[in-house]
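Take a look at the structure below.
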Amino acid sequence: MPIIDDEGRVFGAVNVVDALVVLLAIAVALAGIALVTGSIGGTETRYVTLDLGTQPEFVVDRLTVGDTASLENQFGNLTITDTYLTTSASGTRALVRVAVTGRETEGTFTFGGEPLRLGRGILFETDTYSVNGTVRDVGNGTSLPTQETTVVLRGTAPDDVARNAEAGDEIRVSGETVASIEDVAAYDTGSPDRRSLYIVATLQTFTSGGTVLFGNTPVEVGRRISLPVTGYGFNGTVERVGGGLDRRTNDVIVSGIVDADTAIEMSAGDTYSVAGQRVATIQNVTAYDTENPDRKRVFVGLSVQTLGYGQQLRFGNLTIRDGATVPFRTDSYDFEGTVVQDGTSDLQLRTESVLVTDVVDVGVADRIEEGDTYRVGGDPVATVESLVVYGTDDPDRKRIYVGLSVQALGYGEVPQFGADRPLREGVTLPFRTLSYEFSGEIVRLGTLAGPGEATERTVTMKMENVPPERAESVEEGLTETNAGQTVARVTDVEVEPAVITLTSESGDIFEREHPVNKDVTLTVELRVRELDSGVRFKGRTLQEGNEVVLDLGTTTVRANVTDLDGT
0 MPIIDDEGRV
10 FGAVNVVDAL
20 VVLLAIAVAL
30 AGIALVTGSI
40 GGTETRYVTL
50 DLGTQPEFVV
60 DRLTVGDTAS
70 LENQFGNLTI
80 TDTYLTTSAS
90 GTRALVRVAV
100 TGRETEGTFT
110 FGGEPLRLGR
120 GILFETDTYS
130 VNGTVRDVGN
140 GTSLPTQETT
150 VVLRGTAPDD
160 VARNAEAGDE
170 IRVSGETVAS
180 IEDVAAYDTG
190 SPDRRSLYIV
200 ATLQTFTSGG
210 TVLFGNTPVE
220 VGRRISLPVT
230 GYGFNGTVER
240 VGGGLDRRTN
250 DVIVSGIVDA
260 DTAIEMSAGD
270 TYSVAGQRVA
280 TIQNVTAYDT
290 ENPDRKRVFV
300 GLSVQTLGYG
310 QQLRFGNLTI
320 RDGATVPFRT
330 DSYDFEGTVV
340 QDGTSDLQLR
350 TESVLVTDVV
360 DVGVADRIEE
370 GDTYRVGGDP
380 VATVESLVVY
390 GTDDPDRKRI
400 YVGLSVQALG
410 YGEVPQFGAD
420 RPLREGVTLP
430 FRTLSYEFSG
440 EIVRLGTLAG
450 PGEATERTVT
460 MKMENVPPER
470 AESVEEGLTE
480 TNAGQTVARV
490 TDVEVEPAVI
500 TLTSESGDIF
510 EREHPVNKDV
520 TLTVELRVRE
530 LDSGVRFKGR
540 TLQEGNEVVL
550 DLGTTTVRAN
560 VTDLDGT
């Protein structure tokens, strides 16, 4: 059959003219629709970030890249291209990147008949779950702007949390790691059951509007971030963004007062641990007495584990500097010490020689012996190396000169014997044993003896106008002997009537013998020390005219030196 027959009909059914009229009508109708509604437009794809908020675990586990949702009875679909999950106190927070297929008409992209705008809600529904999301971003990329961000978090936690937290712990959501712990440092707080915890964590973060977020929390210094690690949770304040704790070992010398038992117990090698982590070690220690016999002052060289990420080194919440108070605790003792030297733990203990003098009871002088040791905390701090004892004008009191070897702290500008006792002339040092004690003034440094060379010298002395019984009390052979040492021996005694001077009524001056009193001339061998500048006896310069006191055992005499050469 011909396409158009003799009567002008198409396939013998429709007239050609009628067909043209119908086609024209259809074209006009389509043109009218286009004028009213605009062009139908082409298929386009945009990418949006949907904030799904907090979702239950069974929904989060099903969010998968490639999931697709279609509009019911409309053109358009959604496909997940990336996911970002974080934990929060109320559950898991989810962000998804979604490819949105819609239409673009006259430069406007629409989905479900509406433009994609920030803040628009979109339903994402599949056969297994349904979630509502809010548009947070519209762009062209398929991936979310995520990255790893390292932070230092500081907070307090119970002791069991501090012990459980360790590097390698992770926070996982739906099989993905959203945060991992890189380092943990623990220090004590003022509470015995809580610890100050410093955690370095690597977070999977998300950037929105130029702000880095972990979940919905900006990652900024001062912000609080929660880490719900399996088995424990930790809430910390961001102290640093980028970088770690910058752990360091810092050496300090601290000083504190402890009870006597603690002073004995403290020793080099003792460690202070918090939540199983060593935070300080004693490198060396020494102790000195205080005014209270039951309390001792200790000087301790410490190596402390500090954090250096701030402007100053920190030992937990403490800034390490002179004057700071640093705690130290073990299972059997604890103490707090004030930093007296930063940058070293070496006490530089050294043995120094000093000569000290004091006036003591005769019983104390009799008990002092070379080799006597002064101990504090079980350790020797001073030893008697030499001793010279002299009589005084009080027969019950003796002046002692004691050569001591002392354990001194050498870390400062001047060696010191404990606190506030620099080894300088004029400073008083204590010395204690179980049977005696004294405090001696330093008269010489770096030596155990007085100045000059020890020798004997015969001198002449005179006692004038003394009662006869006094004159008779001095005999040849009397000695001043103390601690087995003879420092003076009378070798000759001459007694003569005392000569007195009288003045008459007319003013004339006469010398007459006293009817009773005597003048006594003594020749005495003295144990002296000779210097280029002169002679010293009993620690003092000896010159003609000086008064000398001799404790001769049965009597004590005062005599003036008349001749240093015994003539």
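0 is the number of the first residue of the sequence shown in numbering that gives the first Met the number 0; add one for each residue after it. Even glycine gets a Cβ: it sits at the ideal position worked out from N, Cα and C.
Taking the Cβ atom as the reference point for each residue, do residue i and residue j lie within a distance shorter than 8 Å?
i: V383; j: E368; result: yes
i: V325; j: L317; result: yes
i: V303; j: V251; result: yes
i: K537; j: R366; result: no
i: L586; j: G132; result: The requested residue 586 does not occur in the structure, where the chain is confined to residues 0 to 566.
i: V151; j: V199; result: yes
i: Y83; j: L143; result: yes
i: V278; j: Y186; result: yes
i: A381; j: S404; result: yes
i: G209; j: R223; result: no
i: G376; j: A267; result: no
i: Y332; j: E264; result: yes
i: V253; j: L306; result: no
i: V130; j: V58; result: yes
Would you call residue i buried or exposed, if buried means 16 or more other Cβ atoms sit within 10 Å of its Cβ?
i: A33; result: In this predicted model, A33 has a pLDDT of only 44, less than 50, meaning its place in the structure is not dependable enough to derive any value.
i: I441; result: buried
i: E468; result: exposed
i: N291; result: exposed
i: N139; result: exposed
i: V35; result: Residue confidence is low: V35 scores 43 on pLDDT, short of 50, so the model does not pin down where it sits. No coordinate-derived value is stated.
i: N72; result: exposed
i: I508; result: exposed
i: D126; result: exposed
i: L530; result: exposed
i: E479; result: buried
i: D168; result: buried
i: A286; result: buried
i: F334; result: buried
i: V359; result: buried
i: L244; result: buried
i: T356; result: buried
i: L49; result: buried
i: T67; result: exposed
Which residues does DSSP list as the beta-bridge partners of residue i?
i: L196; result: G154, A185
i: E219; result: None, per the DSSP bridge assignment.
i: Q311; result: In DSSP, Q311 forms no bridge with anything.
i: A497; result: Bridge partners of A497: none, in fact.
i: P114; result: T109
i: I180; result: A200
i: A482; result: None; A482 has no bridge partner.
i: S438; result: P429
If you follow the beta strand (DSSP E) that residue i is in, where does it begin and where does it stop?
i: E468; result: No beta strand (DSSP E) contains E468, which is instead part of the alpha helix (DSSP H) from 467 to 471.
i: F416; result: Segment: none, F416 is in no beta strand (DSSP E) and carries neither H nor E.
i: I281; result: 276 to 288
i: F327; result: 324 to 328
i: S87; result: 76 to 87
i: I252; result: 246 to 258
i: V237; result: 233 to 240
i: D593; result: Because residue 593 is not part of the residues shown, which for the chain are 0 to 566, the question remains open.
i: L433; result: No beta strand (DSSP E) holds L433; DSSP gives it neither H nor E.
i: Q304; result: 294 to 306
For a test of the three-state rule: what should DSSP assign to residue i, helix, strand or coil?
i: N559; result: strand
i: E264; result: helix
i: G120; result: strand
i: G362; result: helix
i: F57; result: helix
i: R423; result: coil
i: R488; result: strand
i: N316; result: coil
i: D357; result: strand
i: N516; result: strand
i: D550; result: strand
i: V64; result: coil
i: M0; result: Because M0 sits at a pLDDT of 49, beneath the cut-off of 50, its placement in the model cannot be relied upon, and the following sentence gives the value as read from the coordinates. Note: M0 maps to coil in three-state DSSP.
i: D321; result: coil
i: D159; result: helix
i: N131; result: strand
i: N545; result: coil
i: K537; result: coil
i: D475; result: One point to set straight first is that residue 475 is Glu, not Asp, in the sequence displayed. DSSP places E475 in coil when its eight states are reduced to three.
i: S272; result: strand
Which first and last residues belong to the alpha helix (DSSP H) in which residue i is found?
i: D341; result: Taken as a continuous stretch (DSSP letters only), D341 belongs to no alpha helix (DSSP H), being part of the beta strand (DSSP E) at 333 to 341.
Kindly say whether residue i, judged by its beta-carbon, lies nearer than 8 Å to any beta-carbon of chain B.
i: T133; result: Here chain B cannot be found, since the structure has a single protein chain.
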